[in-house]
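Right, one structure below, let's go through it.
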Amino acid sequence: MERSGNAKGVGLDLANLVEIVFSWTLNDVLNENLCKHKVRKIPQIFSSTTDYMNSFIPSLIEETHSELSSSLRGVDRAPFCEISSVELDRSKNFISTKSLFYLISVKRTNNDEKDIGKYEPEVGDLIAFADIKPKTVDDLNKPKRFFHIAYVHGSKESTDKISILSSKSFDTDIDFPLRKNNAPKLYAIYLLNLTPSVRIWKALNSELEGASMSMIKKVLQADSHNGENCQICFSGENHSVACSRVQKLIQSQNLNESQKDAVLSCVTMRECHHNDTIKLIWGPPGTGKTKTVASLLFSLLKLKTRTLTCAPTNTAVLEVASRLQNLVKGSLEHHTYGFGDIVVFGNKSRMKVDGYRNLLDVFLDYRVDNLVKCFAPLTGWKHYLKSMIKLLEDPKGQYSMYKCGMLDEEEDGLVSLEEFAKQKYGHVELAYRSYKQHENNDDPLTLEKFLKEKYGYIEEQYLSYKDERKKRVMTLEQYFMQRFSFIGEKLQVYTRSLYTHLPTSFIPSEEINKMTVALDLLRSLETSLSKANLKQVFKDGEGGESILYLLGRLSIKKDECLLKLRSISQTISLPNITDKYEMAKFCLMNACLIFCTASSSTKLFTEGMTPVQFLVIDEAAQLKECESTIPLQLPGLHHVVLIGDERQLPAVVKSKVCEEAEYGRSLFERLVLLGYKKHLLNVQYRMHPSISLFPNKEFYENQLSDAPNVREMSYNRPFLEGKMYSSYSFINIAKGKERSGRGHSLKNMVEASVISVIIKGLENEFFRTRKKVSIGIISPYNAQVYEIQERIKQYNLVDPDFSVSVRSVDGFQGGEEDIIIISTVRSNENAKIGFLSNRQRANVALTRARHCLWILGNEKTLIGSDSVWRNLVNDAKRKECFHNAVDDRKLAEAIEEALLTELLDESQSSFKKLSLRGTSETTATTSTSRGSFRGRPRKPRW
C-alpha cells in the first residue's frame with residue numbers, strides 16, 4: 002500500500018497501523034492477495050528521507066497481514082483466557098470518536114477448570130474475542146457468531162482491569178450481562194503482539210518525539226568516504242593521545258590484532274565532532290564478535306561516552322550485556338559501584354532476565370524498584386541515616402518516644418510478614434522461588450500475597466507475634482540493641498542499592514569510601530556492644546541505663562561513627578523522586594551505556610532525555626532495515642557502529658512477497674552492497690581446522706585463520722570410534738525418502754532413525770567416560786526437527802553434562818555445540834532441494850560445531866543440485882571424509898528397520914483410502930447437494 006493511499010476508506014496519512022488492521026474483515030485477513038499487489042521491491046539507494054521511509058510502509062502492512070493470517074489459521078493452538086467482565090473505559094473516551102476503549106477482567110483459573118485458559122493479555126497484544134474456543138478459523142466465520150478483535154492498550158496497575166481498544170463496540174448491557182447463570186461466555190484469544198510493528202510504523206511516519214534525520218541522510222546513498230576517519234580530526238598530537246588512551250584500555254583484554262584495530266577505529270570516532278560517521282565490523286562465525294563488542298563498549302564506558310547498544314532480539318541484547326558486565330566487574334573498585342552507569346531495559350517476562358542472574362543489578366525494572374525504596378522519604382536510606390544519628394546522639398530520648406508510642410511499627414522494630422516468614426520458615430522462600438521459576442505465569446504473586454494464599458498459618462502466627470510484640474515493653478538495653486541492629490541492616494541494604502544503582506555522577510567514589518568506612522565502624526561498634534556483659538554491668542549499679550555506660554566507654558568509636566554519618570548526610574543529596582515512571586526516566590537519562598532491542602529504543606524518544614552520542618547495533622545483519630530506522634533517529638546521534646555478517650541468515654520474514662521485495666534485508670547488507678568498507682575479524686576460535694576449511698573457502702574467500710586454541714592436539718576430540726565419526730564427515734544415506742510432515746514441511750524417517758542410533762551411541766560413550774559433551778542436531782525442516790525430537794525422547798537425556806538440542810537452522814544462529822549433526826532431509830531423483838540451497842542457511846548450519854561436524858544426506862540428490870551442497874559432498878570426497886551409512890552395522894540395521902516401517906505405514910494408508918473410497922464419494926455428493934441450496938457466503942467484519 003502506498004503512503005498516500007487508503008485502507009478501506011481510512012487515510013494512511015491519518016490512520017495508524019492498528020486502525021488499518023481493524024479495517025480488515027476476517028475474509029480480508031485470509032485473502033493472501035489483499036496487500037501484496039501494493040508491495041514494491043525496496044531499492045538500494047534513495048533520493049530523499051521521505052522516499053526512504055515510504056519504501057518500507059507497504060511491506061510493513063503486508064507482513065503484518067501475513068502474520069495475522071498465519072495466527073488465525075493456527076487459532077486452535079493459540080493461548081486464550083475467559084473474560085469475566087467488560088465495561089467502558091470512560092477515562093479514554095475523549096481521545097477519539099472512533100476509539101472504543103473498554104476495561105476487561107480475566108477470569109482466574111482453577112485446577113478443575115481447564116477451559117478457562119491461562120493467557121494474560123499484555124500491552125501491544127492483538128486479541129480476538131469470541132463466544133467459543135475455536136478449533137479452526139472456520140468456527141469464527143459462521144452466522145450469528147460473535148467475533149471481533151481488539152488491541153491491548155494498557156496493562157493492569159492498581160486494579161485487575163486491562164484497557165483495550167476494540168475494533169467495534171460491545172453492548173455490555175445486552176451482549177454480556179456478565180456471568181449470570183445462562184450468560185454466554187466470552188474468550189480472548191491471543192493472535193500476535195503488534196508492539197514492534199507499531200513502533201516501526203511510528204518511526205517510518207516521523208512520529209517519534211524529537212527525532213533527527215541527520216543519520217538517516219547518511220545511509221540514503223553510497224558514500225565515497227565511508228568507513229574512513231576524518232583527516233581533520235584524526236591527525237596531530239590530540240589523536241595520538243586519544244589512541245594511546247584507548248590502547249591502554251584494551252591491552253588487558255586479550256584481543257587479537259583485527260579485534261584491537263576494530264575497537265580502536267570505532268572508539269576514536271568520538272574525537273570527530275563535526276562529521277557523522279558509520280562503521281561496519283564484519284564478524285564471521287566464531288571470530289569473537291561478542292567479545293569485540295564488549296571491549297568496544299567497555300572503552301566507551303571508561304571514556305564516559307553515552308552509548309545505546311541494540312540488537313534484533315532480547316537474547317542477543319542479554320548476551321552482549323552479560324559479556325560487558327563481566328568485563329566491567331573485574332575493573333570495579335567497590336564491588337558493584339559503577340553498575341549504575343549501565344542499564345538494560347525491556348519487557349521482563351519476554352526477556353527472561355531471571356536466566357541471567359548477574360544482570361539484575363543493571364536491569365531497569367529491578368533498579369527502579371530498589372531506588373524507589375531507597376529514595377522513600379519516610380522509609381528510605383536518608384531516613385535511616387538520620388535515625389541512626391539520632392539513636393547514637395540521644396538513645397535515652399529515642400527510648401522515651403518508643404515508650405510513649407510515638408514510633409510506627411517499622412520504627413518500633415517490628416519485622417514485615419515477609420521477613421517473619423524468612424526468619425522462621427526458611428523453606429517458604431525456597432517454595433516461592435520454585436513457584437516463580439516453574440509457574441506458567443508472566444505476572445506472579447508477590448511474596449506477601451503468596452504467603453497469604455498458600456501459607457495462611459504463617460500469617461496467623463505473624464499477627465500473634467505482632468500482638469505479643471506490642472504488649473511487651475523492652476528495656477532501654479533491649480530497645481537500643483534491637484533498634485541499632487535493625488537500622489544497621491537497613492543502612493547496609495540501602496547503601497549497597499545506592500552504590501549499585503545510582504549513576505557514578507550522583508555518588509562520587511570518595512563518598513563510597515566514606516559509606517564503606519561508616520558501615521564498618523557501625524559493625525565494629527555493634528560487635529563491641531554485643532560482647533559486653535550487660536547483666537554484669539547492671540549488677541555493678543548502673544541499673545536500667547547500663548547501655549549509656551557502655552556507650553560512654555566506647556565514646557571514641559561512637560563519635561567516629563557519628564562524624565562519618567553526619568558527613569555522608571550532608572554531602573550526598575538524593576533526587577526527590579518517588580514515582581516509578583520518573584525513576585525509570587532518571588535512570589535512562591543518566592546512564593552511560595544503555596541496552597535494549599532496536600524497537601524498544603522508542604522509550605528514549607522522551608522530552609528531556611539526554612542525547613545519545615554513539616549507537617552500536619549487534620547482530621546488525623539480522624535486523625530489518627526498517628527497524629533500524631528507530632534508533633537511527635535518536636537526537637544527538639553522531640556515530641554508528643554496525644556489527645554483523647550478511648553471509649549468515651537475515652531477519653525472518655513471513656510473507657513471501659515481502660521476502661522477494663527485500664523487506665528482510667538489513668541496513669548492514671545494503672551498505673555492503675553500496676560499497677561501504679567492512680572491518681573483518683579474521684581469526685576464528687570455534688571450529689576444529691578440518692571443520693573450518695570448507696566454510697572458510699566457500700563463504701569467506703579463505704580470509705579467516707584458525708586461532709591457536711583450535712589447532713592444539715587437545716582440540717581433536719573423538720567421541721565415537723571409526724573414521725565415520727571423525728571431526729568432519731559426510732554420511733551418505735542413499736535409501737532415505739523425503740515426505741511431507743507437519744505443516745507441509747518435509748521429513749526423512751531414515752535420517753531420523755540414523756540420528757537416533759548415533760545419539761544412543763554417544764550416550765553410551767558418555768556414561769562410560771563421563772566426559773561432558775553438548776550435541777546439536779540441525780535440520781532446515783521443522784517436520785524433521787519434530788520427528789527427531791520425538792525419537793530421542795526414549796533416551797535418558799537428563800544428565801546436565803550430556804545435552805542434546807534439536808532445532809532448525811534459523812533457531813541455531815548464534816549457537817555452538819561440541820558436536821553438530823545436520824540432517825539435510827532432501828532425497829529425490831530430481832535433485833530438488835528447495836530452500837536448502839540457500840547459502841546463508843548453509844553457512845549457519847556448517848559453522849556451529851566446535852569439535853565434530855557430521856552431515857547426513859543423500860549423495861545423488863545433493864550432488865545433482867547446483868548448490869553449495871554439491872561442493873560440500875565433493876569436498877568430503879576429496880578429503881576422504883565421505884562415508885556410506887550402510888557400512889556401519891548398527892546404522893544399516895536402523896535404515897532397514899525404518900524402511901520396513903515406512904512400507905507398512907504406506908500399505909496401511911493405501912488400505913484405508915481403498916476402504917473409505919465409497920464413503921468419501923457419498924459424502925462429497927451429499928455436501929455438494931446441500932451446498933446448492935445455500936445463499937452467498939457471509940462476509941463478517943471483526
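Quick note on the numbering used here: the sequence shown kicks off at 2 and runs consecutively.
Note that CB positions come from ideal geometry on N, CA and C, so glycine has one too.
Bridge partner(s) assigned by DSSP for residue i
| i | result |
| --- | --- |
| C375 | C375 pairs with nothing; no bridge assigned. |
| Q685 | D707 |
| Y729 | L854 |
| H640 | T278 and F615 |
| I150 | A129 |
| S167 | A151 |
| G645 | W283 |
| A312 | T598 |
| S741 | L747 |
Three-way DSSP call (helix, strand, coil) for residue i in this model
| i | result |
| --- | --- |
| G858 | strand |
| V518 | helix |
| V107 | strand |
| E620 | coil |
| E83 | strand |
| N32 | coil |
| V774 | strand |
| A212 | coil |
| I595 | strand |
| I834 | coil |
| V345 | strand |
| R666 | coil |
| V807 | strand |
| S49 | coil |
| I557 | helix |
| N327 | helix |
Rounded separation between residue i and residue j - CA only
| i | j | result |
| --- | --- | --- |
| N749 | D800 | 28 Å |
| A893 | A886 | 6 Å |
| S691 | D867 | 24 Å |
| F720 | E766 | 7 Å |
| Y338 | K218 | 39 Å |
| L523 | L360 | 30 Å |
| Y400 | L589 | 43 Å |
| S486 | I251 | 44 Å |
| F299 | L379 | 38 Å |
| Y357 | S323 | 7 Å |
| I282 | G645 | 7 Å |
| V312 | I595 | With the sequence shown as reference, residue 312 is identified as Ala, and Val is not the correct amino acid for it. Each residue's alpha carbon lies about 12 Å from the other. |
| S693 | R792 | 30 Å |
| V199 | Y53 | 18 Å |
| F731 | Q685 | 22 Å |
| A622 | Q814 | 12 Å |
| V617 | T308 | 7 Å |
| M584 | H502 | 11 Å |
Beta-carbon separation (whole angstroms), residue i vs residue j, contact threshold 8 Å
| i | j | result |
| --- | --- | --- |
| S715 | N683 | In fact, because the Cβ distance is near 24 Å, the residues do not count as touching under 8 Å. |
| G125 | N194 | 5 Å |
| S824 | L857 | 5 Å |
Beta-carbon proximity list for residue i, same chain, < 6 Å, skipping 5 on both sides
| i | result |
| --- | --- |
| D819 | V774, S775, R851 and H852 |
| F346 | L365 and C597 |
| S870 | For the record, residue 870 in the displayed sequence is Trp; it is not Ser. L863. |
| I789 | A753, I756, I778 and V807 |
| V138 | L73, R74 and V76 |
Residues of its chain near residue i, where Cβ-Cβ distance is below 7 Å and the 5 sequence neighbours each way are ignored
| i | result |
| --- | --- |
| N844 | R648, Q649, P696 and F700 |
| A204 | T630, I631 and Q634 |
| R554 | none |
| K391 | Q399 |
Cut-off 8 Å between Cβ atoms - residues of its own chain near residue i, not counting five sequence neighbours on either side
| i | result |
| --- | --- |
| L386 | L492, L566, I569 and S570 |
| P44 | S56 |
| S498 | N371, L372, K374, C375 and W382 |
| G542 | With a pLDDT of 42 at G542, under the threshold of 50, the predicted position of this residue should be treated as unreliable, though the coordinate-derived value follows. Here the set comprises nothing. |
Residue i Cβ short of 8 Å to the ligand PLP heavy atom set
| i | result |
| --- | --- |
| Y456 | For the ligand PLP, the structure offers nothing, since it holds no ligand at all. |
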